[in-house]
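Colleague: Heads up: the protein sequence lines correspond to chains U and V, in order. If you read the first sequence in the numbering used here, its first letter stands for residue 138, the second for the next number, and so on. If you read the second sequence in the numbering used here, its first letter stands for residue 44, the second for the next number, and so on.
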Amino acid sequence: MAEFKDVPPNAPAAEKALNWIDNRFPLSKLFKEHMSEYYAPKNFNFFYFFGVLSLLVLVIQILTGIFLVMHYKPDADEAFASVEYIMRDVPWGWLIRYMHSTGASAFFVVVYLHMFRGLIYGSYRKPRELVWVFGCAIFLALMGEAFMGYLLPWGQMSYWGAQVIVNLFSAIPFIGPDLALLIRGDYVVGDATLNRFFSFHVIAVPLVLLGLVVAHIIALHEVGSNNPDGVEIKDKKDANGKPLDGIPFHPYYSVHDLMGVIGFLLVFCAIIFFAPEFGGYFLEYNNFIPADPLKTPLHIAPVWYFTPYYSMLRAITSEMMYGLILCVLVAAYLGATRANISNFLKVVVVGSAVALVLMMLSIDAKFWGVVVMGGAVVILFFLPWLDNCAVKSIRYRPDWHVWLYAIFVINFFVLGYLGIQPPSAIGERVSQLGTLFYFGFFLLMPWWSRMGETKPVPDRVNFVAH
Amino acid sequence: MKKFILSVILVLTSALSAVPSFAAGSSIPWDKAPDRLNDLGALQNGAKLFVNYCLNCHAASYMRFNRLTDIGLTEQQIKDNLLFTTDKVGETMKIAMDPKQGKDWFGGNPPDLTVIARSRSGSGGSGADYLYTYLRTYYRDESKVTGWNNLAFPNVGMPHVLWELQGQRKPVFEEIQSKGHTTQVLKGWEQITPGKMSPIAYDSAVGDLVNYMQWMADPTQSTRIRVGVWVMLYLLVFFVIAWRLNAAYWKDIR
Chain U
138 MAEFKDVPPN APAAEKALNW IDNRFPLSKL FKEHMSEYYA PKNFNFFYFF GVLSLLVLVI
198 QILTGIFLVM HYKPDADEAF ASVEYIMRDV PWGWLIRYMH STGASAFFVV VYLHMFRGLI
258 YGSYRKPREL VWVFGCAIFL ALMGEAFMGY LLPWGQMSYW GAQVIVNLFS AIPFIGPDLA
318 LLIRGDYVVG DATLNRFFSF HVIAVPLVLL GLVVAHIIAL HEVGSNNPDG VEIKDKKDAN
378 GKPLDGIPFH PYYSVHDLMG VIGFLLVFCA IIFFAPEFGG YFLEYNNFIP ADPLKTPLHI
438 APVWYFTPYY SMLRAITSEM MYGLILCVLV AAYLGATRAN ISNFLKVVVV GSAVALVLMM
498 LSIDAKFWGV VVMGGAVVIL FFLPWLDNCA VKSIRYRPDW HVWLYAIFVI NFFVLGYLGI
558 QPPSAIGERV SQLGTLFYFG FFLLMPWWSR MGETKPVPDR VNFVAH
Chain V
44 MKKFILSVIL VLTSALSAVP SFAAGSSIPW DKAPDRLNDL GALQNGAKLF VNYCLNCHAA
104 SYMRFNRLTD IGLTEQQIKD NLLFTTDKVG ETMKIAMDPK QGKDWFGGNP PDLTVIARSR
164 SGSGGSGADY LYTYLRTYYR DESKVTGWNN LAFPNVGMPH VLWELQGQRK PVFEEIQSKG
224 HTTQVLKGWE QITPGKMSPI AYDSAVGDLV NYMQWMADPT QSTRIRVGVW VMLYLLVFFV
284 IAWRLNAAYW KDIR
């Protein structure tokens, strides 16, 4: 507990007021800890804008969402019309709605870039594991938020997208059909589904998101930010105990981020005002047709940010299952013959592999597709414990690591592209290879990340004054 | 790193430009509709055609009559010339036809047209392009119940409502042999009976109509672009200030 402080009676009114507050609430302390005396590495590059931009988009989504809820009607008979009412009859309603719909896509753009930054500079490595884990949880919550929000305009794509995804849950053995029923609240997507998704979208998930964002930032400020060199700035301090390569977040990064924010808003506003549909990617054309439970669209595709995962889901055909079974058997064989573990553990490995293969043979491929789709996100949580490379940053990893990361990114784009396309024979093969690569990248990381010769990591960060 | 980012951008842009998705499922390439979104006279003519020809079976139930003041009509003009289905200028464009009758007569309930231009966009062009092609490719087909068929929307349920203006026509196909495949290619049209309008005047009238429908689908689009220009200018100025402010703070960091 802090000491009660007094200020001289002739002090300025502002100082008196601040002192009054500080004696009752740690305002100055919080500002110092998180802003003016939070030391951040001075060598942040372009990719370091996307953390603060995620926060900005979150605020935009919450504020515009509040105003949308004032006019939106979560009712299967009125939802579509109420969105058009917002677009036409509510003063500036079109702007609020376009901000929210563009914001949804912008959120995923900045979050994907933010995650990519963490991936290539090793920001998930010790001691930042929890920062990364909280971040992955935010990503998962964000996916749920986006999925449920997409149902609300009650267009054809809203309806059939939800129908397809909720039906996936019914592929889970034993509990599946009941679980899908519980999610929908009906035997098909309908008014009950719309109401519960509305509730989740405006209350439940945003609360979880906000809590996780606070945890993410508290954890970050506890351990300090990583940087493009992956050097710990806390290892080199001056006489006052300040990191030599650190600068106070405020004012240096607050003005720096202001520039990033304006740069982002330039792009964001250009889309809102000049291309809010963004060629059918941000607002799908089919979604301007009211939901019709009797008319299935020819081609149902999720919004672009889900398509890489959707591709992986579609890649798991009954044919593909044999490929996956082969992977499990090879892994079990290597575990039993090459791994340096006790005989008992080897028996466990072989036993669980056999059990898994039996399940893979007996349960429908659709279920494994759901497992793969979910696993593609869940596997991110484990990244801090999969990476065994001696260095954090991609700058000092072996050159071929750079190429591997490049292929990973290209593979992710290819999967996303295929998820937009209608199914095709060649697309199916490519997405199967892409799925194997995606999982191979992570599951084999404990081995490949140790291979190759790393480059010497400098003691201090690389910084060129600008 | 730079090369890497460049390659990512390259993949992204080529992927976005190559996607032939969201096709509306038509059989002929779409003609380009004229752009008259800033031509108030054309939009007013389009509104007149829309209310006279479309707004009997199709509703535009999210569109208010008095929104037409945005394209230069006065409320009195709207009341005198366009209010057939209601007597209040603040009402939306609803119709009296029972959806059940629509189903009996046309095999399906005629869709609401408020945002139809937005929903029909696709890889072939804008929604206006589709509508412009669709309303100009009706032809006589006695095998159909209505006696009409359409090239952009084969086996369409809607008869040719504008036939008096366009007259009755039949497409002329040419068979083209290529690598063992025979394809039918549209060569031109055979006019069976003349319409009230010349072909050029008809195309222009349909151009007005689809521009009106494009405007109606998003009536704030011109405002949006006008406001957007000012927003961009403001942000550009702000960006320069933020950039110089940043440089001023960072000049001491070595």
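Built from N, CA and C at the ideal position, the CB exists for glycine as well.
Could you name the residues of the same chain whose beta carbon sits closer than 6 Å to that of Gly-150 (chain V), not counting the 5 residues immediately before and after it, in chain order?
Modeller: Closer than 6 Å at Cβ, skipping near neighbours: Gly-200.
Colleague: Which same chain residues end up closer than 6 Å to Trp-191 (chain V) when comparing Cβ atoms and leaving out the 5 residues on each side of it in sequence?
Modeller: Tyr-181, Pro-202, His-203
Colleague: Could you check whether Leu-190 (chain U) and Phe-386 (chain U) sit closer than 7 Å to each other, using their CB atoms as the reference points?
Modeller: no
Colleague: What separation, rounded to the nearest whole angstrom, lies between the Cα atoms of Arg-287 (chain V) and Tyr-389 (chain U)?
Modeller: In a straight line, the C-alpha of Arg-287 (chain V) is about 13 Å away from that of Tyr-389 (chain U).
Colleague: Report all residues from its chain with a CB closer than 6 Å to the CB of Ser-242 (chain U); omit the five preceding and five following residues, and keep chain order.
Modeller: The answer, listed in chain order, is Phe-419.
Colleague: Closer than 6 Å by C-beta to Val-360 (chain U): which residues in its own chain qualify, once you throw out the five before and the five after it? Chain order, please.
Modeller: Take Val-360 (chain U), set aside five residues on each side of it, and the residues of its chain with a beta-carbon closer than 6 Å to its own are Pro-264, Arg-265, in chain order.
Colleague: How close, in whole Å, do the beta carbons of Tyr-255 (chain V) and Leu-83 (chain V) come, if the pair is a contact with beta carbons under 8 Å?
Modeller: With a Cβ gap of about 11 Å, Tyr-255 (chain V) and Leu-83 (chain V) do not count as contacting.
Colleague: Pick helix, strand or coil for Leu-357 (chain U), following the three-state DSSP scheme.
Modeller: helix
Colleague: Using 7 Å as the limit for Cβ to Cβ distance, is Met-396 (chain U) near chain V?
Modeller: yes
Colleague: By the criterion of Cβ-Cβ separation under 8 Å, what are the contact partners of Leu-288 (chain V) in chain U?
Modeller: Val-392, Leu-395, Met-396
Colleague: I need the straight-line Cα distance from Ser-489 (chain U) to Ala-468 (chain U), nearest angstrom please.
Modeller: 11 Å
Colleague: Quick one: residues in its chain with C-beta nearer than 8 Å to the C-beta of Leu-164 (chain U), no 5 flanking neighbours on either side, listed in chain order?
Modeller: Leu-155, Ile-158
Colleague: Grouping DSSP H, G and I as helix and E and B as strand, with all else coil, what is Gln-227 (chain V)?
Modeller: strand
Colleague: Taking beta-carbon pairs under 8 Å, can you tell me which members of the region 88 to 110 of chain V lie near chain U?
Modeller: For the region 88 to 110 of chain V, the set of residues with a beta-carbon nearer than 8 Å to any beta-carbon of chain U comprises Ser-104, Tyr-105, Met-106, Arg-107, Arg-110, in chain order.
Colleague: Thinking C-alpha only, which one of U:Val-246, U:Val-206, U:Glu-174 is nearest Leu-192 (chain U)?
Modeller: U:Val-246
Colleague: Could you tell me which residues DSSP puts in a beta bridge with Arg-107 (chain V)?
Modeller: V:Thr-135.
Colleague: Along the chain, where does the alpha helix (DSSP H) that runs through Phe-481 (chain U) open and close?
Modeller: For Phe-481 (chain U), the enclosing alpha helix (DSSP H) covers residues 480 to 499.
Colleague: Exposed or buried, Asp-536 (chain U), counting other C-beta atoms within 10 Å across all chains shown (16 or more means buried)?
Modeller: exposed
Colleague: With a cut-off of 8 Å on the beta carbons, I'd call Ala-103 (chain V) and Met-136 (chain V) a contact; round off their distance for me.
Modeller: Contact flag correct, Cβ pair sits at about 4 Å.
Colleague: Which word fits Ile-426 (chain U), buried or exposed, when buried means at least 16 other C-beta atoms lie within 10 angstroms of its C-beta?
Modeller: buried
Colleague: Establish whether the CB of Phe-281 (chain V) and some CB of chain U are separated by less than 7 Å.
Modeller: yes
Colleague: Look up Ile-197 (chain U) in the DSSP assignment and say whether it is helix, strand or coil.
Modeller: helix
Colleague: Can you tell me the Cα-Cα spacing of Pro-439 (chain U) and Pro-242 (chain V), whole angstroms?
Modeller: 42 Å
Colleague: Just confirm the distance between the C-beta atoms of Lys-685 (chain U) and Arg-532 (chain U), as a whole number of angstroms; I'd bet it's less than 8 Å.
Modeller: The question about residue 685 (chain U) has no answer, for chain U in this structure spans 138 to 603.
Colleague: Below 8 Å on the Cβ atoms is my contact criterion, and I expect Gly-506 (chain U) with Leu-471 (chain U) to pass it. Report the Cβ-Cβ distance as a whole number of Å.
Modeller: Going by Cβ atoms, the distance from Gly-506 (chain U) to Leu-471 (chain U) rounds to 26 Å, so no, they are not a contact pair.
Colleague: Could you check the C-alpha separation between Phe-141 (chain U) and Leu-232 (chain U) for me, to the nearest Å?
Modeller: Roughly 49 Å between the two C-alpha positions.
Colleague: In the region 182 to 197 of chain V, which residues sit with their C-beta less than 9 Å from some C-beta in chain U, listed in chain order?
Modeller: none
Colleague: Applying a beta-carbon distance threshold of less than 9 Å, which residues of chain B neighbour Met-275 (chain V)?
Modeller: Absence of chain B from the displayed structure is noted, the protein chains being U and V.
Colleague: Taking the beta strand (DSSP E) that Tyr-182 (chain V) falls in, what are its first and last residues?
Modeller: Where Tyr-182 (chain V) is concerned, the enclosing beta strand (DSSP E) stretches over 181 to 183.
Colleague: Which residues does DSSP list as the beta-bridge partners of Ser-221 (chain V)?
Modeller: V:His-224
Colleague: Let me check one thing: in DSSP terms, what residues is Ile-384 (chain U) bridge-paired to?
Modeller: In DSSP, Ile-384 (chain U) forms a bridge with U:Ala-177.
Colleague: Check whether the Cβ atoms of Phe-518 (chain U) and Cys-273 (chain U) lie closer than 7 Å to each other.
Modeller: yes
Colleague: Over what stretch of residues does the alpha helix (DSSP H) that includes Trp-297 (chain U) continue unbroken?
Modeller: 293 to 306
Colleague: What residue range does the alpha helix (DSSP H) around Trp-258 (chain V) cover?
Modeller: 242 to 260
Colleague: Is Asn-364 (chain U) near Asn-180 (chain U), with beta carbons less than 7 Å apart?
Modeller: yes
Colleague: In chain U, which residues lie less than 8 Å from Leu-156 (chain V) when you measure between Cβ atoms?
Modeller: By Cβ distance, chain U contributes nothing, its closest Cβ being about 11 Å from Leu-156 (chain V), past 8 Å.
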